[in-house]
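Residue numbers (the numbering used here): 2 to 125. From the three backbone atoms N, C-alpha and C, an ideal C-beta is built for every residue, glycine too. Take a look at the structure below.
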């Protein structure tokens, strides 16, 4: 893995690194914006600046665990659930978007979150 990463980064060059950073920022901000449109979802949870990782908070009956499990059923990984380690954050997870996440994959993630949150998430 380290050799592959070294080869990849050596081929990018300074302009490639800049462009890579822009792509990651665009995709992560797109994801947060789309998630934030869902009633009961706050992304980023703290309104802070971010590059590729941000906390998403879920209000209502849908738990972060339910959302994570629903995403896994669609072969999507929702990120790290923060609810137990940081109870003061409420139902939340840390999402990370990279250049490997396409707009289609982000839209699918948003669709699953919307479905779980709007259906009430079942019972906890």
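Based on Cα-Cα distance, which residue from 121, 120, 96 lies nearest to residue 52? The residue given as residue 52 occupies position 51 in the chain shown. Selected option, being the one with the closest Cα: 96.
Report the rounded CA-to-CA distance for residue 64 versus residue 28, giving the unit in angstroms. Start at 1 with the first residue of the chain shown, and residue 64 comes out as number 63. Start at 1 with the first residue of the chain shown, and residue 28 comes out as number 27. Going from the Cα of residue 64 to the Cα of residue 28 covers about 25 Å.
DSSP state of residue 36, grouped into three classes? Reading the chain shown from its first residue, position 35 is the one you call residue 36. Three-state result, residue 36: helix.
Is the CB-CB distance between residue 92 and residue 59 below 7 Å? Your numbering for residue 92 matches position 91 in the chain shown. Your numbering for residue 59 matches position 58 in the chain shown. Cβ distance < 7 Å, so residue 92 and residue 59 count as in contact.
Is the number of C-beta pairs between the region 105-120 and the region 36-51 that are closer than 8 Å three or more? With the rule of 3 Cβ pairs closer than 8 Å, the region 105-120 counts as touching the region 36-51.
Rounded straight-line distance, which links the Cα of residue 23 to that of residue 4: Translated into the one-based positions of the chain shown, residue 4 becomes position 3. Translated into the one-based positions of the chain shown, residue 23 becomes position 22. Going by C-alpha positions, residue 4 is about 24 Å away from residue 23.
To test your reading of the DSSP string, which unbroken alpha helix (DSSP H) runs of 4 or more residues are found completely within the region 17-88? Listed in chain order, they are 65-74.
Helix, strand or coil for residue 101, going by three-state DSSP, please let me know. One-based indexing of the chain shown puts residue 101 at position 100. Residue state, collapsed to three classes: coil.
Here's the rule I'm using: 16 or more other beta-carbon atoms within 10 Å means buried, otherwise exposed. How should residue 33 be labelled? One-based indexing of the chain shown puts residue 33 at position 32. Burial call: buried.
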